[in-house]
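Residue numbering for the sequence shown follows numbering that gives the first Met the number 0, starting at 0 and increasing by one per position.
Just so it is clear, CB atoms sit at the ideal spot from N, CA and C, and this is done for glycine as well.
Here's the structure, in structure tokens; my notes come after.
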Amino acid sequence: MAISYDKKIMECVLRSVMSEGNVAQGKAIKSICKSPKPLFITGKGGSGKTTFLKRIIPALKNAVVVAPTGVAAVNAGGQTIHSFFRIGMQPYIPEIRKGAFMDNCEYKFNGGSEKILQNIKYLIIDEISMVRPDLLDNVADILRHARGDKDPFGGVKLIMVGDLFQLPPVIKEDFFREIYDTSYFFSSKSLMASGMEMVSFEKIYRQKDEKFISILNKVREGQMDDDVFDTINSRCIQSDNNQGYVEIVTTNSKATAINEMRISSLPGSLRKLEAVINGDYPKDAPVEKTLFLKEGSRVMITRNGGEYFNGSLGTVLSIKKGEIEVVLDKPKDDEHTKVVITPCSFEKVKYVRNGYKIESEVVGAIIQYPIKIGYSITIHKAQGLTLDAAMMDVSNSFETGQLYTALSRVKSLDGLYLRQPIPKTVKTSDQVVINFYKRTLGNGGIVKPVPMEELEKSMINLSTGSEIDFAEFNL
Numbered sequence: 000m001a002i003s004y005d006k007k008i009m010e011c012v013l014r015s016v017m018s019e020g021n022v023a024q025g026k027a028i029k030s031i032c033k034s035p036k037p038l039f040i041t042g043k044g045g046s047g048k049t050t051f052l053k054r055i056i057p058a059l060k061n062a063v064v065v066a067p068t069g070v071a072a073v074n075a076g077g078q079t080i081h082s083f084f085r086i087g088m089q090p091y092i093p094e095i096r097k098g099a100f101m102d103n104c105e106y107k108f109n110g111g112s113e114k115i116l117q118n119i120k121y122l123i124i125d126e127i128s129m130v131r132p133d134l135l136d137n138v139a140d141i142l143r144h145a146r147g148d149k150d151p152f153g154g155v156k157l158i159m160v161g162d163l164f165q166l167p168p169v170i171k172e173d174f175f176r177e178i179y180d181t182s183y184f185f186s187s188k189s190l191m192a193s194g195m196e197m198v199s200f201e202k203i204y205r206q207k208d209e210k211f212i213s214i215l216n217k218v219r220e221g222q223m224d225d226d227v228f229d230t231i232n233s234r235c236i237q238s239d240n241n242q243g244y245v246e247i248v249t250t251n252s253k254a255t256a257i258n259e260m261r262i263s264s265l266p267g268s269l270r271k272l273e274a275v276i277n278g279d280y281p282k283d284a285p286v287e288k289t290l291f292l293k294e295g296s297r298v299m300i301t302r303n304g305g306e307y308f309n310g311s312l313g314t315v316l317s318i319k320k321g322e323i324e325v326v327l328d329k330p331k332d333d334e335h336t337k338v339v340i341t342p343c344s345f346e347k348v349k350y351v352r353n354g355y356k357i358e359s360e361v362v363g364a365i366i367q368y369p370i371k372i373g374y375s376i377t378i379h380k381a382q383g384l385t386l387d388a389a390m391m392d393v394s395n396s397f398e399t400g401q402l403y404t405a406l407s408r409v410k411s412l413d414g415l416y417l418r419q420p421i422p423k424t425v426k427t428s429d430q431v432v433i434n435f436y437k438r439t440l441g442n443g444g445i446v447k448p449v450p451m452e453e454l455e456k457s458m459i460n461l462s463t464g465s466e467i468d469f470a471e472f473n474l
């Protein structure tokens, strides 16, 4: 593997992590420097995964950092996967024929943008737990196409970071199970073809209380006993007062209710901004049918733009016809950034599989300002955050990983406040994930490559269903 890193910086980081006794981070650095295989860096919430990335990225030459969501991309200092690779939100079906990937991606690069892809040495994907396998396959096809390299990822060193015990990918398409064994990234055909190495960070930095760390570990791995439930539920408060902390909830609808209550306490007149609805609009779009807003409101932006990202927080400065001016929290170039937000369209499409192709049809849309009130956030928006304290209403968490993701945001048990007790029926982990970790760690962190012939056989049933069945006509 050619040297594509600053030896002086990387050696300095290596000496630092080894002096801290962090052998796992040392092993990760060795893989980054010496192995062409994809690397999966994992570990519990607060184990230093994000900090590790920030330490090594300055040493890497031609490294690109991406993430599945705008919030995660901001936290990692990169772009979203979809924006960087110019990928739509539709599902993707990889194609394998005669022992090779066919790279039938929709390619949208030329000139200077193509050169960027050709010069990448390291591709870092943060929050990999939320990345679907078809998205990773789409990325792989684009890299191979741009670079003219038949290696599963076009000769790029892939570094994936995240915890599969946290938030899972979202899968809605009925035909998905025809293509992939699981909904997780490790079922990507390109990744299966390449194999990978896995390093697990075990040392916890976010929490110092060993009892709280032990509790979080049991929540993470689905081993909650009566003592764990009793300890967590002792943090319930009876008052409606949220203690001034941000409130983390499971659904957008809950966050909306809290935010509307908080905004009603602000001075000034309330503006009512109605969305334009067309057809069977996407009811889970990150906007409100009716947006109630005041000047001075705390808001979260829900779509990427030139100066902001999905998840950016700020304060409303003014509300005018056709535009809302927002002052972003995070300063840019040491000055607060003012941005103008205008209405945009969120479409609902229906996807169908036609052989290796995906066809879509727009069935409705909602046109609204991509803004939500920001006093309360969902667990998805909280992923990657470290909080001194937070109020949580997660008693009805419905996805595996939600409860652990929420609880592990706070530094200590004393900073944890619950609206409702956690029921003993809660499902905290996916057995598929437990089996993957057990199998991979038991094999020394090595996932062996799957032969292309075997992968091709698994795709045989996807031969084009759009062809005419001439046998039906006795021809």
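Short CB-CB distance (under 8 Å) between residue i and chain C
i	result
residue 209	This model lacks chain C altogether; it includes just one protein chain.
Option in the options with minimal Cα separation from residue i
i	options	result
residue 477	255, 114 and 101	Because the chain is modelled from 0 through 474, residue 477 falls outside the range shown and cannot be assessed.
residue 112	85, 95 and 137	85
residue 382	470, 5, 26 and 69	69
residue 215	43, 440, 444 and 372	43
residue 328	317, 344, 298 and 318	298
residue 403	167, 236, 375 and 109	167
residue 374	67, 455 and 390	390
residue 99	91, 432, 133 and 139	139
residue 45	207, 6 and 10	207
residue 316	303, 336 and 306	336
residue 144	416, 431, 104 and 162	104
residue 179	219, 91, 18 and 201	91
residue 132	244, 365, 170 and 305	170
residue 165	125, 151, 152 and 141	125
residue 200	378, 252, 40 and 401	40
residue 234	260, 415 and 142	415
residue 181	447, 429 and 9	429
residue 448	151, 275, 51 and 379	151
residue 306	425, 78, 27 and 3	78
For residue j and residue i, the rounded distance between their alpha carbons
i	j	result
residue 230	residue 442	35 Å
residue 177	residue 20	45 Å
residue 339	residue 286	17 Å
residue 76	residue 33	25 Å
residue 264	residue 89	41 Å
residue 395	residue 439	31 Å
residue 93	residue 457	12 Å
residue 222	residue 412	18 Å
residue 25	residue 368	46 Å
residue 376	residue 345	20 Å
residue 236	residue 417	6 Å
residue 16	residue 163	24 Å
residue 185	residue 273	42 Å
residue 35	residue 432	25 Å
residue 161	residue 370	28 Å
residue 254	residue 195	39 Å
residue 319	residue 304	19 Å
residue 357	residue 38	Low confidence applies to residue 357: its pLDDT is 39, below 50, so where it sits in the model is not reliable enough to give any reading.
residue 136	residue 187	6 Å
residue 302	residue 18	42 Å
residue 284	residue 365	8 Å
residue 108	residue 282	33 Å
residue 405	residue 82	27 Å
Heavy atom of the ligand GDP within 7 Å of residue i beta-carbon
i	result
residue 448	Only the bare structure without any ligand can be found here, which leaves the ligand GDP out of the picture.
Residue(s) in a DSSP beta bridge with residue i
i	result
residue 261	Paired residues: none, contrary to the question.
residue 291	271
residue 377	248
residue 416	390
residue 197	39
residue 314	297 and 326
residue 79	66
residue 254	Answer is none; residue 254 lacks a bridge partner.
residue 344	366
Residue environment, residue i, which counts as buried when at least 16 other CB atoms sit within 10 Å
i	result
residue 474	exposed
residue 422	exposed
residue 470	exposed
residue 173	exposed
residue 205	buried
residue 219	buried
residue 256	exposed
residue 419	exposed
residue 96	exposed
residue 252	exposed
| Within the chosen definition, does the region 152–169 reach the region 115–124 through at least 3 CB pairs nearer than 8 Å? | Touching, yes.
| Any contact of the region 216–229 with the region 186–200, i.e. 3+ C-beta pairs under 8 Å? | No, because fewer than three Cβ pairs between the region 216–229 and the region 186–200 fall closer than 8 Å, the two stretches do not touch.
| query | Is it a yes or a no for the region 289–305 touching the region 267–281, going by three-plus beta-carbon pairs under 8 Å? | reply | Judged by Cβ distances under 8 Å, the region 289–305 makes contact with the region 267–281, as three or more pairs qualify.
| field | Any 3 or more C-beta pairs closer than 8 Å across the region 308–322 and the region 54–72 | value | Between the region 308–322 and the region 54–72 there are three or more inter-stretch CB-CB distances shorter than 8 Å, so the stretches are counted as touching.
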